[in-house]
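Enquirer: This is the structure, below, for whatever I ask next.
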Amino acid sequence: MTLFDPILSPFGYAFMQRALLSCALIGFANGFLGTFVILRRQALLTDALSHSLLPGLALAAMLVGLSPAGLLLGGLLAALLVALGGQLLARNSRLKEETAVACLYIAAFAVGIVLIRFARVRIDLTHFLFGNILGVGDGDLWIAYASTCLTLTILVLCQRPLLLTLFDATVARASGIRVGWIEAALLALTVLGLVASLQAVGVLLSLGLIIMPAATAYLLTDSFPRMLWGGAILGMVSATGGLMISFHADIPSGPCIVMLMALFLTLAYLFSPRHGLLGKLFMGRHRHEESLSRWEGHQGHEHRFQDTDGHGNP
Amino acid sequence: MTTGSGNPEPGSPLLQVSDLTVSYRRVPAIHHVSLELGRGHCTGIFGPNGAGKSTLLKAISGLLAPETGGILIDGLPPSRSAARISYLPQRESIDWDFPVTVRGLVEMGRYAHTGMFGTFGAADRSAVDGALDLFRLTPLADRQIKELSGGQQQRAFLARAWAQEAALYLLDEPFGGLDRGSSAILAEALRTLAGSGKLLLVSHHSLADAADLFDSAVLINGELVASGPVAEALSPSNLACAYGTSVYHGTIRT
Chain A
1 MTLFDPILSP FGYAFMQRAL LSCALIGFAN GFLGTFVILR RQALLTDALS
51 HSLLPGLALA AMLVGLSPAG LLLGGLLAAL LVALGGQLLA RNSRLKEETA
101 VACLYIAAFA VGIVLIRFAR VRIDLTHFLF GNILGVGDGD LWIAYASTCL
151 TLTILVLCQR PLLLTLFDAT VARASGIRVG WIEAALLALT VLGLVASLQA
201 VGVLLSLGLI IMPAATAYLL TDSFPRMLWG GAILGMVSAT GGLMISFHAD
251 IPSGPCIVML MALFLTLAYL FSPRHGLLGK LFMGRHRHEE SLSRWEGHQG
301 HEHRFQDTDG HGNP
Chain B
1001 MTTGSGNPEP GSPLLQVSDL TVSYRRVPAI HHVSLELGRG HCTGIFGPNG
1051 AGKSTLLKAI SGLLAPETGG ILIDGLPPSR SAARISYLPQ RESIDWDFPV
1101 TVRGLVEMGR YAHTGMFGTF GAADRSAVDG ALDLFRLTPL ADRQIKELSG
1151 GQQQRAFLAR AWAQEAALYL LDEPFGGLDR GSSAILAEAL RTLAGSGKLL
1201 LVSHHSLADA ADLFDSAVLI NGELVASGPV AEALSPSNLA CAYGTSVYHG
1251 TIRT
């Protein structure tokens, strides 16, 4: 047994090759998407959407069996209905959107659990809830591949209007961007990302693939492009890495992937050079000295266009 | 002044507001306001709370649709002159933790010219550099926007508008929360902009420093009370008229 055996051995199995490829694709695309979800502060809405997939999946399983395309369509429809229904409820009553969406998704989740009992084929509820990455078929791979391509193409092409909308929707609207369309597209891509990650981690953990890598990248960088691509790479690394660990340790893959992501997030929280807990401790002292020397250097100078913000910043 | 000065002809009317009424849910916030403002001015908008200062700015920026009348900027409605208008939002509406540096923020201003898909060329980069330089932000270009002081943040947004080559700057309470030193620096930046042929419309709630900050003033109270040089527009009788009467906001049906 050589050093690389633990890394190479899983590639000997066809089911593992498929699972790894699927995890790499979905991890990358969802990690990329996560930046948009986080900066729009829609992590909790996304969680609601992931739960609301269930009745759609169950209905599709009842009507067309377990075909990947049918499941995709069913989940997409159910989640969009909950998202749009939430907006409708919020506009026409005093309920705020988060309350409306929360009520709708939990109702949809309940309906889904009941519907699954009536599916034509026998379905294991746990597969929907927790995923079954080792059962990835060719159809699932194609869906992962297509959704990754579609998500990345749209997000990269529309990066400028997306950035303006995320940063300040009011100003974006004033400069002629169709903010409503941008938001709707983001919502649709989020649901697509959730459905694509079902096989890997299931309904309950699919949120993690979208939120956690981007949250980790957010703690590490102040640059929008770096957060995008960093989130994508972290997503890919933790999805495939988590799968490898689960293979060797013989534990379920979904929780393993999410736990690895949580580990990365914790490390970033502690050790990020600029925003980390420990980083800040070291930074404080340095900043203070810098500020003191600048303050001494600037005394008596003309203050035209120089800053007098009281902190000694240049 | 390397870029963005357009064709400054001080005095020629840049902004024409005629018979403008804007309503929220059929309750008018400003009624039948008519104004003409030329290039090269720094104009303060004054009035009591709820007088419609923000509403007027939002309508001019094209965010709110007029119920009566219209707005023309160089003869074009706001929807067709988005690149010429820069609306600077109130501080509270910005997410200061957003992962963007000062340079990145100023680059956003160029999107009005590159379009949403065009390449970001050498001309765009030099416009960004010029804007950073003009507002003395070059040493801070790589800072995240939260790491600036309040005055520097305002200047970063002005630099974005400059890079956009906007002719009309709409600023909603930019002096709110600034200390005296930062206010003075911001006021000087605004004067520099007016001097290069821009029109600045600035909502402001303190009357005490009006004459120091602005060369002209618009006084509103739901409707237009006065418009002109600061001393005339904010004369005691006009102020009594604007602040002494209550604004009609419709009746609340219960």
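Going down the list, the sequences are from chains A and B.
Position 47 of the first sequence, counted from 1, bears residue number 47 in the numbering used here, the numbering being contiguous throughout.
Residues are numbered in the numbering used here as their position in the second sequence, beginning at 1, plus a constant of 1000.
Even for Gly, the Cβ is constructed at its ideal location relative to N, Cα and C.
In this text the structure is predicted, and so the values were computed from the model without any measurement.
Output the distance between the C-alpha atoms of G1011(B) and L1199(B), rounded to the nearest integer angstrom.
Expert: Caution applies to G1011(B), whose pLDDT of 48 falls short of 50 and renders its modelled position unreliable; the model cannot decide the point.
Enquirer: Using a Cβ-Cβ cut-off of 7 angstroms (strictly less than) and excluding sequence neighbours within five positions of L152(A), which residues of its own chain qualify?
Expert: Correct list, in chain order: A29 and F32.
Enquirer: Touching or not, the segment 1052 to 1062 of chain B and the segment 1074 to 1086 of chain B, by the rule of three or more beta carbon pairs under 8 angstroms?
Expert: Yes, the segment 1052 to 1062 of chain B touches the segment 1074 to 1086 of chain B.
Enquirer: Among the residues of its own chain, which have a CB less than 7 angstroms from the CB of S246(A), if the five just before and after it don't count?
Expert: Same-chain partners within the cutoff: P252, S253 and C256.
Enquirer: In the DSSP output, what is D1124(B) paired with across the bridge?
Expert: Beta-bridge pairing links D1124(B) to no other residue.
Enquirer: Under 8 angstroms, with one C-beta from each stretch per pair, do the segment 80 to 92 of chain A and the segment 46 to 57 of chain A reach the 3-pair mark?
Expert: In short, these stretches touch, since the Cβ pair count reaches three.
Enquirer: Exposed or buried, what is I1045(B) when buried is set at 16 or more other beta-carbons lying within 10 Å of its beta-carbon?
Expert: Classification for I1045(B): buried.
Enquirer: By alpha-carbon positions, which one of F15(A), I116(A), V136(A) and M261(A) ends up nearest to G208(A)?
Expert: Minimum Cα distance to G208(A) is reached at M261(A).
Enquirer: Please report the residue range of the alpha helix (DSSP H) in which D1212(B) lies.
Expert: That run of the alpha helix (DSSP H) goes A1210 to L1213.
Enquirer: Under a three-way DSSP split, which group does L25(A) fall into?
Expert: Reduced to three states, the DSSP call for L25(A) is helix.
Enquirer: Chain A beta carbons: is any one of them nearer than 8 angstroms to that of A976(B)?
Expert: This structure cannot settle anything about residue 976(B), because the visible part of chain B is limited to 1001 through 1254.
Enquirer: I'd like the list of long-range same chain contacts for L270(A), defined as Cβ closer than 6 angstroms, with 5 residues on each side in sequence excluded.
Expert: Cβ neighbours of L270(A) beyond the five flanking positions: G276, L277 and L278.
Enquirer: Specify, as a first and last residue, the run of the beta strand (DSSP E) that P1013(B) falls within.
Expert: From DSSP, the beta strand (DSSP E) with P1013(B) extends over P1013 to Y1024.
Enquirer: With a threshold of 8 angstroms, are at least 3 pairs of Cβ atoms found where one atom belongs to the segment 177 to 187 of chain A and the other to the segment 215 to 226 of chain A?
Expert: With the cut-off at 8 angstroms, the segment 177 to 187 of chain A and the segment 215 to 226 of chain A do not touch.
Enquirer: Below 8 angstroms between beta carbons: does that hold for S170(A) and S1093(B)?
Expert: In the sequence as presented, Ser is not what sits at residue 170(A); that position holds Thr. A contact, by the Cβ cut-off of 8 angstroms.
Enquirer: For Q269(A), report the span of its alpha helix (DSSP H) as first-last.
Expert: This sequence places Tyr at residue 269(A); Gln is not what is there. Per DSSP, Y269(A) belongs to the alpha helix (DSSP H) from S253 to F271.
Enquirer: I need the DSSP call for P6(A), collapsed to helix, strand or coil.
Expert: Three-state DSSP puts P6(A) in a helix.
Enquirer: On the three-pair Cβ rule with 8 angstroms, is the segment 1103 to 1114 of chain B touching the segment 1145 to 1164 of chain B?
Expert: Touching, yes.
Enquirer: Taking buried to mean at least 16 other C-beta atoms within 10 Å of its own C-beta, is H303(A) buried or exposed?
Expert: Residue confidence for H303(A) is low, a pLDDT of 42 falling below 50, so the modelled location carries little weight; the figure read from the coordinates is stated next. Classification for H303(A): exposed.
Enquirer: Should T1254(B) be flagged as near chain A, meaning a C-beta pair shorter than 8 angstroms?
Expert: Residue placement at T1254(B) is flagged as unreliable, the pLDDT there being 44, under the threshold of 50; the coordinate-derived value follows with that caveat. For T1254(B), the answer is no, since every Cβ of chain A falls outside 8 angstroms of its Cβ.
Enquirer: Residues of chain A with a CB under 9 angstroms from the CB of Y1024(B): which are they?
Expert: Residues of chain A passing the Cβ test: none, with the nearest at roughly 15 angstroms.
Enquirer: Closer than 9 angstroms, Cβ to any Cβ of chain A: which residues of the segment 1051 to 1069 of chain B, in chain order?
Expert: Listed by position, the residues of the segment 1051 to 1069 of chain B near chain A (Cβ gap below 9 angstroms) are K1058, S1061, G1062 and L1063.
Enquirer: Buried or exposed for I143(A), going by 16 or more other Cβ atoms inside 10 Å?
Expert: Burial call: buried.
Enquirer: Given a cut-off of 8 angstroms, decide if A1167(B) and V1106(B) are closer than it, judged by their beta-carbon atoms.
Expert: Contact flag unset, no.
Enquirer: Buried or exposed, going by whether 16 or more other CB atoms sit within 10 Å of the CB of N957(B)?
Expert: Residue 957(B) falls outside the range modelled here, since chain B spans only 1001 to 1254, and no answer is possible.
Enquirer: Nearest CA to the CA of L1076(B): which residue from Q1016(B), L1190(B) and V1102(B)?
Expert: Considering only alpha carbons, the answer is Q1016(B).
Enquirer: Go ahead and label I7(A) buried or exposed: buried means 16 or more other beta carbons lie within 10 angstroms of its beta carbon, across all protein chains shown.
Expert: Result: exposed.
Enquirer: Out of T221(A), F130(A), A215(A) and I113(A), which one is the CA nearest neighbour of F264(A)?
Expert: Measuring from the Cα of F264(A), the nearest candidate turns out to be A215(A).
Enquirer: Going by CA-CA distance only, name the one from I133(A), I233(A) and A249(A) that's closest to E27(A).
Expert: Per the sequence shown, the amino acid found at residue 27(A) is Gly instead of Glu. Among I133(A), I233(A) and A249(A), the Cα nearest to that of G27(A) belongs to I233(A).
Enquirer: Have a look at A1187(B), D1124(B), S1126(B) and D1142(B) and flag the residue whose alpha-carbon is nearest the alpha-carbon of R1155(B).
Expert: The residue with the shortest Cα to Cα distance from R1155(B) is A1187(B).
Enquirer: By the three-class DSSP mapping on this structure, what secondary structure does I1030(B) have?
Expert: I1030(B) falls in the strand class under three-state DSSP.
Enquirer: What whole-angstrom Cβ distance do C1042(B) and R1191(B) have, given they're in contact under 8 angstroms?
Expert: Their Cβ separation, rounded to whole angstroms, is 6 angstroms, which keeps C1042(B) and R1191(B) in contact under 8 angstroms.
Enquirer: Flag A1112(B) as yes if its beta-carbon sits less than 8 angstroms from any beta-carbon of chain A, otherwise no.
Expert: Interface residue, yes.
Enquirer: By the 7 angstroms beta-carbon criterion, what residues does the segment 203 to 219 of chain A contribute toward chain B?
Expert: The residues in question are Y218.
Enquirer: If the cut is a Cβ gap below 8 angstroms, which residues of chain A does S1093(B) touch?
Expert: Near S1093(B) (Cβ distances below 8 angstroms), the residues of chain A are D168 and T170.
Enquirer: Can you give me the C-alpha to C-alpha distance between E1147(B) and D222(A), rounded to a whole angstrom?
Expert: Whole-angstrom Cα-Cα distance: 11 angstroms.
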